[in-house]
Each structure stands twice: as structure tokens, then as C-alpha cells.
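For reference, the structure is listed below as C-alpha cells.
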């Protein structure tokens, strides 16, 4: 495990070094953070410190960027990230009931990850699938025309898939 983390850190260092060779190297910060999150699944403190040091950027600036963009995760996330659309169409068609059913089923609040690290729950303003509202997205797949019962069944399908894998 430690060896794999070291390999990931080495890959990140190589990526940073390549970025630092380019003109306007400090403009590559977001690309570096994306690469770090791709490698580690989130942005651990140790990784953020390494990026700040290697790019010669104040740590406070780095954290400001990472916390400003919702894409970056500062805590580990689950294997399945559930985003519940709370846009107008979804809200009107019952998104709050779907969200409450998910929270009950998983035992988490928005922004939290289940104890088994299987699911992370997020909210979204719009997922662009208003015609099949209410919708959720699990990782990159959209599910629509949901209600409390359907969403619990969907979560249980993902649980079964995870057990097989």
C-alpha cells in the first residue's frame, strides 16, 4: 500500500515537473490538482503540501483554489458518488423526497461518505435531464423518473454489484 502511494506521488512529481517547464507554469495549478485527485481519489494534506512546495505556491493559495471549485474533494469519497439534482424541475417533481430516502437508506447527510466507503452523497443544482425529473447521477450515469422506492432499489443494486466485484 505504501509502495503504491509512493508510485502515485512519483507520478505526480513527474507531472508537476513537466508543467513547471512550460511558460506560465503557475497557470497549471488546476491541472496539477486534477492530476493529484485522479491519482489519490481526493486531495490529502500531504499531497497539497507537496504541490505547494514543488510549484512554489503559498499553501493558503492552494487551499483557496481547492476549496473554491466544487470538483475537488478534500476527504476520501465513496466508490459510488450519488448526486441528487435539486434544480427546479426535479424539486417540483419530488427531488426532496428522493434525497430524504437516500439519506435514510445510507445513513449520511449531504457531503458525507458511508462508513463502508461505498457511497458519497452530493447535491447538484441541475444535471440537465429535466425531462425525466427527478434525477440522480451515480458516478457518470443518470437515473430519472425516480421516487423514494425506486431510488432505494437502485442503491441496493449498487450494493449487490459491489459485493460481487
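Residue numbers (the working numbering): 6 to 170.
Cβ coordinates follow ideal geometry from the N, Cα and C atoms, glycine included.
Residue from the options with nearest C-alpha to residue i
i: residue 70; options: 100, 33, 59; result: 33
i: residue 44; options: 23, 27, 18; result: 18
i: residue 79; options: 100, 62, 103, 46; result: 46
i: residue 62; options: 103, 161, 37; result: 37
i: residue 118; options: 91, 29, 25, 85; result: 85
i: residue 72; options: 89, 50, 83, 58; result: 50
Residue span of the beta strand (DSSP E) that contains residue i, given as start and end
i: residue 124; result: 124–129
i: residue 146; result: 146–148
i: residue 160; result: Premise fails: residue 160 lies in the alpha helix (DSSP H), 153–169, not in any beta strand (DSSP E).
i: residue 141; result: 141–143
Terminal residues of the alpha helix (DSSP H) in which residue i lies
i: residue 35; result: 34–45
i: residue 54; result: 50–60
i: residue 66; result: 64–73
Chain B within 8 Å of residue i, Cβ atoms only
i: residue 31; result: No chain B appears in this structure, which consists of one protein chain only.
Those residues which DSSP pairs with residue i across a bridge
i: residue 19; result: Paired residues: none, contrary to the question.
Runs of beta strand (DSSP E) wholly within the region 80–110 (minimum 3 residues, chain order): For the region 80–110, whole beta strand (DSSP E) runs of length 3 or above, ordered along the chain, are 85–90.
At least 3 beta-carbon pairs within less than 8 Å: the region 84–103 vs the region 49–63: no
Inter-stretch contact at 8 Å, needing at least 3 Cβ pairs: the region 144–161 / the region 107–117: yes
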